[in-house]
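Novice:
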Amino acid sequence: MNDILETKQLRHHYPGADHPALDGLDLKLPRGKKTAICGHNGSGKSTFFLHAIGLLRPTAGEVCWQGAPLTYRAHELKQLRQQVGLVFQDPEHQIILHTPYEDIGYGLRNAGLPEPEIRERTLRMLASLGLEQLTDRPVHQLSLGQKKRVSLAGVLALEPELLLLDEPTAYLDRLSERQLLAELDRVHGSGVTVAMATHDMNLAYAWADWVVVLDQGRCLLAGTPQDVFVQTDRLLALGLEPPLLLDVWHSLPPLIREGNQPPRDAEELKRLLAAWPIS
Amino acid sequence: MNDILETKQLRHHYPGADHPALDGLDLKLPRGKKTAICGHNGSGKSTFFLHAIGLLRPTAGEVCWQGAPLTYRAHELKQLRQQVGLVFQDPEHQIILHTPYEDIGYGLRNAGLPEPEIRERTLRMLASLGLEQLTDRPVHQLSLGQKKRVSLAGVLALEPELLLLDEPTAYLDRLSERQLLAELDRVHGSGVTVAMATHDMNLAYAWADWVVVLDQGRCLLAGTPQDVFVQTDRLLALGLEPPLLLDVWHSLPPLIREGNQPPRDAEELKRLLAAWPIS
Amino acid sequence: MIRRIDAYAYNNGLRAVSPLWKAGFAAVLFVLSYLAHPLVQAAVFVWMFVWIVGHARIPFRFYAALLAVALLFYAASLPALVLELDSTGGLYISETGLIRAAGLLTRTAACFATLAFLILTTPVSGLFQVLDKLRMPRLVIELMLITYRFIFLFADTAQELYQAQQARGGQSGFRGRIRDTAVLVGRLFAKTVQRYRGLAHGLASRGFTGDIRLSPLTGTGPAIPRAYLWEAILVLAALLALEGWFIWRDML
Amino acid sequence: MKSKKLAGTALLIAGFVLYFLVNEPQSAQAMHIMEGFLPLGWAIFWWVAFIPFFILGLRALKRITKETPELKLMIGLAGAFTFVLSALKIPSVTGSSSHPTGTGLGSVMFGPLPMSVLGSIVLLFQAVLLAHGGLTTLGANAFSMAVAGPFVGYAVYRWLMASTGKQKLAIFSAAALADLSTYVMTSLQLSLAFPAESGGILASFAKFGGIFAITQVPLAISEGLLTVLIWNWLQAH
Numbered sequence: 000m001n002d003i004l005e006t007k008q009l010r011h012h013y014p015g016a017d018h019p020a021l022d023g024l025d026l027k028l029p030r031g032k033k034t035a036i037c038g039h040n041g042s043g044k045s046t047f048f049l050h051a052i053g054l055l056r057p058t059a060g061e062v063c064w065q066g067a068p069l070t071y072r073a074h075e076l077k078q079l080r081q082q083v084g085l086v087f088q089d090p091e092h093q094i095i096l097h098t099p100y101e102d103i104g105y106g107l108r109n110a111g112l113p114e115p116e117i118r119e120r121t122l123r124m125l126a127s128l129g130l131e132q133l134t135d136r137p138v139h140q141l142s143l144g145q146k147k148r149v150s151l152a153g154v155l156a157l158e159p160e161l162l163l164l165d166e167p168t169a170y171l172d173r174l175s176e177r178q179l180l181a182e183l184d185r186v187h188g189s190g191v192t193v194a195m196a197t198h199d200m201n202l203a204y205a206w207a208d209w210v211v212v213l214d215q216g217r218c219l220l221a222g223t224p225q226d227v228f229v230q231t232d233r234l235l236a237l238g239l240e241p242p243l244l245l246d247v248w249h250s251l252p253p254l255i256r257e258g259n260q261p262p263r264d265a266e267e268l269k270r271l272l273a274a275w276p277i278s
Numbered sequence: 000m001n002d003i004l005e006t007k008q009l010r011h012h013y014p015g016a017d018h019p020a021l022d023g024l025d026l027k028l029p030r031g032k033k034t035a036i037c038g039h040n041g042s043g044k045s046t047f048f049l050h051a052i053g054l055l056r057p058t059a060g061e062v063c064w065q066g067a068p069l070t071y072r073a074h075e076l077k078q079l080r081q082q083v084g085l086v087f088q089d090p091e092h093q094i095i096l097h098t099p100y101e102d103i104g105y106g107l108r109n110a111g112l113p114e115p116e117i118r119e120r121t122l123r124m125l126a127s128l129g130l131e132q133l134t135d136r137p138v139h140q141l142s143l144g145q146k147k148r149v150s151l152a153g154v155l156a157l158e159p160e161l162l163l164l165d166e167p168t169a170y171l172d173r174l175s176e177r178q179l180l181a182e183l184d185r186v187h188g189s190g191v192t193v194a195m196a197t198h199d200m201n202l203a204y205a206w207a208d209w210v211v212v213l214d215q216g217r218c219l220l221a222g223t224p225q226d227v228f229v230q231t232d233r234l235l236a237l238g239l240e241p242p243l244l245l246d247v248w249h250s251l252p253p254l255i256r257e258g259n260q261p262p263r264d265a266e267e268l269k270r271l272l273a274a275w276p277i278s
Numbered sequence: 000m001i002r003r004i005d006a007y008a009y010n011n012g013l014r015a016v017s018p019l020w021k022a023g024f025a026a027v028l029f030v031l032s033y034l035a036h037p038l039v040q041a042a043v044f045v046w047m048f049v050w051i052v053g054h055a056r057i058p059f060r061f062y063a064a065l066l067a068v069a070l071l072f073y074a075a076s077l078p079a080l081v082l083e084l085d086s087t088g089g090l091y092i093s094e095t096g097l098i099r100a101a102g103l104l105t106r107t108a109a110c111f112a113t114l115a116f117l118i119l120t121t122p123v124s125g126l127f128q129v130l131d132k133l134r135m136p137r138l139v140i141e142l143m144l145i146t147y148r149f150i151f152l153f154a155d156t157a158q159e160l161y162q163a164q165q166a167r168g169g170q171s172g173f174r175g176r177i178r179d180t181a182v183l184v185g186r187l188f189a190k191t192v193q194r195y196r197g198l199a200h201g202l203a204s205r206g207f208t209g210d211i212r213l214s215p216l217t218g219t220g221p222a223i224p225r226a227y228l229w230e231a232i233l234v235l236a237a238l239l240a241l242e243g244w245f246i247w248r249d250m251l
Numbered sequence: 000m001k002s003k004k005l006a007g008t009a010l011l012i013a014g015f016v017l018y019f020l021v022n023e024p025q026s027a028q029a030m031h032i033m034e035g036f037l038p039l040g041w042a043i044f045w046w047v048a049f050i051p052f053f054i055l056g057l058r059a060l061k062r063i064t065k066e067t068p069e070l071k072l073m074i075g076l077a078g079a080f081t082f083v084l085s086a087l088k089i090p091s092v093t094g095s096s097s098h099p100t101g102t103g104l105g106s107v108m109f110g111p112l113p114m115s116v117l118g119s120i121v122l123l124f125q126a127v128l129l130a131h132g133g134l135t136t137l138g139a140n141a142f143s144m145a146v147a148g149p150f151v152g153y154a155v156y157r158w159l160m161a162s163t164g165k166q167k168l169a170i171f172s173a174a175a176l177a178d179l180s181t182y183v184m185t186s187l188q189l190s191l192a193f194p195a196e197s198g199g200i201l202a203s204f205a206k207f208g209g210i211f212a213i214t215q216v217p218l219a220i221s222e223g224l225l226t227v228l229i230w231n232w233l234q235a236h
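Protein chains in written order, with numbering that gives the first Met the number 0: chain E, 0 to 278; chain G, 0 to 278; chain U, 0 to 251; chain Y, 0 to 236.
(1) Assuming Thr46 of chain G contacts His11 of chain G under a Cβ cut-off of 8 angstroms, what Cβ separation, rounded to an integer in Å, is found between them?
(2) Closest by CA to Arg106 of chain U, which one among U:Arg186, U:Ile246, U:Val49, U:Val30?
(3) Please check if any C-beta of chain G sits within less than 8 angstroms of the C-beta of Tyr13 of chain E.
(4) Run through the DSSP bridge pairs and tell me what Val210 of chain E is partnered with.
(5) Tell me, please, whether the CB atom of Gly206 of chain U is closer than 8 angstroms to any CB atom in chain G?
(6) Let me know the alpha helix (DSSP H) ranges lying completely inside the segment 149 to 224 of chain Y, each 4 residues or longer, listed in chain order.
(7) Quick one: is His92 of chain G near chain U, going by C-beta distance under 8 angstroms?
(8) Note down, in chain order, every chain U residue with its Cβ under 7 angstroms from the Cβ of Ala239 of chain Y.
(9) Cβ closer than 7 angstroms: which chain E residues qualify as neighbours of Tyr170 of chain G?
(10) In this structure, how does DSSP classify Gln81 of chain G when only helix, strand and coil are distinguished?
(11) So if DSSP puts Pro68 of chain G in a beta bridge, which residue, or which two residues, is it bridged to?
(12) Report the rounded CA-to-CA distance for Ser26 of chain Y versus Leu70 of chain U, giving the unit in angstroms.
(13) Which whole-angstrom value is the C-beta distance of Asp131 of chain U and Ile140 of chain U, which I expect to be below 8 angstroms?
(14) Could you pull the DSSP bridge partners for Pro252 of chain G from this structure?
(15) Does Lys44 of chain G come out as helix, strand or coil in the three-state DSSP assignment?
(16) Scan the segment 102 to 118 of chain G for residues whose Cβ lies nearer than 8 angstroms to a Cβ of chain U and list them as they occur along the chain.
(17) Are the beta-carbon atoms of Leu237 of chain E and Phe48 of chain E separated by less than 8 angstroms?
(18) Counting Cβ pairs, one atom from each stretch, are 3 or more of them under 8 angstroms apart for the segment 113 to 128 of chain E and the segment 230 to 237 of chain U?
(19) Quick one: what's got a C-beta closer than 7 angstroms to Pro262 of chain E's C-beta in the same chain, skipping five residues either side?
(20) Identify the contact partners of Ala163 of chain U in chain G, using a Cβ-Cβ distance below 8 angstroms as the criterion.
(21) Nearest to Leu39 of chain Y by alpha carbon, out of U:Ala35, U:Val39, U:Ala42?
(22) Can a CB atom of chain G be found closer than 8 angstroms to the CB of Ala265 of chain E?
(23) If you compare alpha carbons, which of Y:Leu112, Y:Phe82, Y:Asn140 is closest to Ile43 of chain Y?
(24) Does the separation of the CB atoms of Ala109 of chain U and Gly138 of chain Y fall below 8 angstroms?
(25) Grouping DSSP H, G and I as helix and E and B as strand, with all else coil, what is His236 of chain Y?
(26) If the criterion is Cβ atoms closer than 8 angstroms, does the pair Leu180 of chain G and Trp209 of chain G meet it?
(27) My understanding is that Ser106 of chain Y touches Gly152 of chain Y, with C-beta atoms under 8 angstroms, so please give their C-beta distance in whole angstroms.
(28) Apart from the five residues just before and just after Met200 of chain G, which ones in its own chain have a Cβ nearer than 7 angstroms to its Cβ?
(29) Does the beta carbon of Ala195 of chain Y sit closer than 8 angstroms to a beta carbon anywhere in chain A?
(30) Quick one: is Met47 of chain U near chain Y, going by C-beta distance under 8 angstroms?
(31) CB-CB under 8 angstroms to Arg56 of chain U, same chain, minus the five flanking residues each way: which ones, in chain order?
(32) Output yes if chain G places a C-beta closer than 8 angstroms to the C-beta of Lys269 of chain E; else output no.
Structure, rendered in C-alpha cells:
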C-alpha cells in the first residue's frame, strides 16, 4: 500500500454553488513523501482537505485512508482526526484557547490522554518549535508567524501520520516562511507524510518530492517536480506560472545544463554555474 | 519639489506597545515614480501608510504632503484623503457596500460629487478594471482577486495623485497578481505616483523604479533597485532575501553579463541569454 | 485602550504570584474597604498604590489616568449626592450630603484601587482558573474563554473597518457617521458568522468532544515571594487593629 | 445664611461647569456603577436579584449547547461581538459621541434570557479589561444592562410587532427603550442607595435621572436609529 490517502472520483457540491468544488477528483498522497498540491484559489484544494479529515462528506465518490474507504462512523472519525493533522490557512480558525500552552494541550485533552503526558508533550512541542518564550503569552499578542507555529504545534502534538497544510506560507514574510519550512522538513524527517496546498509554484518546486496540480476540482497533473514542471505549456494554459528557477535554468546555454539535474534552489544553481569551467 | 510625500523623523508609539512602530522614519516618495516599500511584517509599513493619509498622528516628527507639513485640520484631511488613495491589504475591510457599483460610488458620494458624475465615474472605473460583468454582483460572491480589483477601483475613482497599496499581491495567485500589476502600470502611466508595501523582494525588484527598505520603524536603504539590491549582505542581515533573478544574474559567467544591465524579469533574462553567441 | 490593561496583566512585577492568592487578597481587601472606617479605607487606597506602582511596577501615569476615568462616575454623581431641593424650590448644598459624598469617596477609592490591583496584576487566564476553582459552571467558563479569545480580533477588525471608511472620506457628519457605523456593525456581524464557520471546522479537526477544557492549575514554587507575604500579613493586621481601635472608640 | 447661600450657588456653578466638561464625553461608560459606589447591602441585594435571571439564562443555553455543542462557539463569538459593539463610539444627536449598550439588538437577535448571560460576561470583561464598572457592583450593573434592558427591549419588540407589524418601528423602539430602561434602572439603583434628605427616593431618582438624561436620552435615540440601520443591513444580506 503505497498511498496513505486516496480519493476516488470524489465529487463535492456546496449547496447553492454554481459549480461543484470537487468534480471527480482522483488524487493520491504517496506515503512518506512531501507532496505539493498546486492550483488557483478556488481549484478545490481546501475542500479536498476538509474531506481528508472527514469534515465534509462526498456528494459522490469516496475517500480512502490507508487503503480503506471512510465510513464516517463517529469512532472512526475520531481516530482519523488523530492520525491526520490539518493545519488551516488562517490560524485564527484553529487556535481555540488563549495561550500557546493551553491551546496545544487542547487536542491532547480531547484525545483523552492523562494530564502528566499532556503536560510533557505540550512542553516538548513548545520547545521543538521554539515557542518556549511564548508559553503563557496570550495568543492575541503573537505575530502571524508565531500563531502559525502555534497552530502547527497544536496539530503535531497529536503525532499524526499525515500532516496536511493549507497555504502554510500565505501572508508570511520570507523569514517566517523559512522557519516554517525548516520545521516541516524536520517533521517529515521523523517519518510523517506531509502535504501542502499552495499556489506558489516556486515554493512547490523547491520543496516537494511529488506535485499534484488541481483545477476546477479535478486533478490534472501528478508526478515528480521534474515531470510536472517541464509541462510549461499546460501550466501556462491553467494560468499557473512555472517556477522561476526552472525557467531560468532552461534559458541557460545547453552547455551548462548538460548532464545536470535542474537545481532546486538558488544555491544549487549558483554551485552549478560556479563549477562551469568557462566562467 | 521632487517628493510628493515625505516623513521627517516620524515616530509613532501605539499605546501599550513595547517598541515604537515608527522610530524616526525619514522616507520620501519621489513624484511620478513607482516605489516599493520593503520590509518584514511589523517593520512599520502599514503604520506609515496610516500616517500618509492622516489617520494616525505622529508621536513626534512630521509628515509633509507636497512639501507642506500636515496640520490635521478637518478640511485639510478631507482634501488629503481625496488626493492620496490607500488600498488596504485585506479587501474585505475596505469594501464597505455590498456591490461593486455601490462601493465604488462610496468615496465619490462622501466627496460630495453630483449624482450623475458619480454614476459616470463609477461606470468608467468598472469598465477600466474589467469589472462590468460584476457590477451588481454581491461582493461576498467575488473571488479574492476580484475583490482586490473592486477595492482598487473604489480608491481610483477619486482620482488620487498618490496611490498607496499595502501588500497588494498578498495571497493572490499568479494570474490575479499579473492582472493587478498590469492595472497599476496603467494607473502609473496616467501620471499617478504609486507606492506599494511588500515583503516580496522578487516583486519589488521586477516592478519598482525606487526601493525603500524599512526595518523596526526606520528607513535603512533607499535608492534604485539596482543600487539597493546589490547590497546583498545588508539585506540578508535584515532577513530579507535578495531577488532570485538578480542572484542568478550575478552567478552567471561575467562573459554573459558584460555590458548588460541586470534583467528585470525572466523574459529579459532569456533574451539576454539567447543573444549570447556561445549558446 | 482595550489592550493596555491586558498587556500589563501579562507583564508586571507580580505576574508570577498565584492568581488564587491575588484574588483571595483582593477579596479580603474588598470586604475591608466596604466595612471599615474612612481612615482605614484611605490606608487601603495608599497601600494598593504601593502594590500597583511599586511591587507590580505599573507606570504611575497609566494608573493615574485609569483612576481619573473611573472617578468621572463619582464626579458625575456628585451633584445628585450633595444638592437638595428645599421646600421653596431652591437648591442648596446639604451638609449630610457632603459628609456622605466624602465617605463615598474614600470607599470607592479603596475599592477601585483593589479592583485595579487585581486586574493589572492578574491576566484573564489566571482569573479563569480562579473562577474554575470557585466552581463557576463549566459552560460559563467555556463561553468566556471563546469571548476573550476573540475580543481582540474583532476589535482589530472594527478598527480597520473604521479606518478604511475614514480613508475614503466616510465617518463625517451625524448622518454619515450613523450610516457608516451601521455598515461597520453589519460587516462585523457577517465576519462573526464567517468566523464561526471556520472555527467550527477548526474545532472539529482537533477532535472536539463537546467540551473546551482548561489545563488544571499547577502550583510549582511558592504562591508569593516571602517578603510580600509578610508585608501583606503585617499591614493587614495593622489595618485590622486600627479598625478595631475605631470601633472600640465609638463604643465608648 | 445669605453668605452661605451665595457660596453655595458659586460652588454649584463651578460644579456644573466641571461636570459638563468631564461628564459629557465620558458618561456613557460611566453608566456602569463604579466599583465600591453602592453600599454593601445594596450591592448584595442586586447580586441576589440578578442571579436567578443568570441561572435561567444559563439553563436555556445549556439546553441548546447540549444538543449542538458547536453552538458554544457561536454564543462565545456573540459575546465578543457584543463587547466590541459596546466599545464602539457612536455619534449622539447632541453632536458628541458615546457608547451604545447593544442590548436591544442582542435581545432581538438572541432572546432576552441568553442576553442575561452574554451581557454579564461582557460586563465582566469591561470591568477586567477596561476598568469600567466593577466586580462588587457587577450584580447591579448586570441587573440594569443584562436583565432590565434586554427584557424591556424584547417585550417592546414583540408587542409592537404583534400590534402594528411595523418592523422598523419595533426595532427602533426596542433598541431605544432597552437603552433607556438600562439608564432608568441605574438611576433607580442609585436613588434607592442614596435617598435625598428631603423628598427621599423619589427626589433622588429625579436628581440622578436628570443628570444622566443629558447624555442618555440623546444616546437612546441614536442607538435606536443605528439599530434600525444595522437591521436593514442584516436583512439585505
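Glycine included, C-beta positions come from ideal geometry on N, C-alpha and C.
Specialist: Result, derived from the coordinates:
(1) 6 angstroms between Cβ atoms; contact.
(2) U:Val30
(3) no
(4) E:Ala35, E:Gly222
(5) no
(6) 166 to 192
(7) At a cut-off of 8 angstroms between C-beta atoms, His92 of chain G counts as an interface residue with respect to chain U.
(8) Chain Y is shown from 0 up to 236; residue 239 of chain Y falls before or after that span and cannot be answered.
(9) Neighbours of Tyr170 of chain G on chain E, chain order: Ala169, Tyr170.
(10) Note: Gln81 of chain G maps to helix in three-state DSSP.
(11) G:Cys63
(12) With a pLDDT of only 43 at Ser26 of chain Y, under the threshold of 50, the placement of this residue in the model should not be trusted; the figure read from the coordinates follows. Cα to Cα, the separation comes out at about 11 angstroms.
(13) 6 angstroms
(14) According to DSSP, Pro252 of chain G bridges with nothing at all.
(15) Of the three classes helix, strand and coil, the one that applies to Lys44 of chain G here is helix, per DSSP.
(16) Tyr105, Gly106, Asn109, Ala110
(17) Result no, Cβ atoms of Leu237 of chain E and Phe48 of chain E do not sit closer than 8 angstroms.
(18) no
(19) Result list for Pro262 of chain E: Leu244, Trp248, Leu268, Leu271, in chain order.
(20) Phe87, His92, Gln93, Ile95
(21) U:Ala35
(22) yes
(23) Y:Asn140
(24) no
(25) coil
(26) no
(27) 5 angstroms
(28) Cys37, Leu239, Glu240, Pro241, Pro242
(29) The structure shown contains no chain A; its protein chains are E, G, U and Y.
(30) no
(31) Asn11, Gly12
(32) Yes, contact with chain G.
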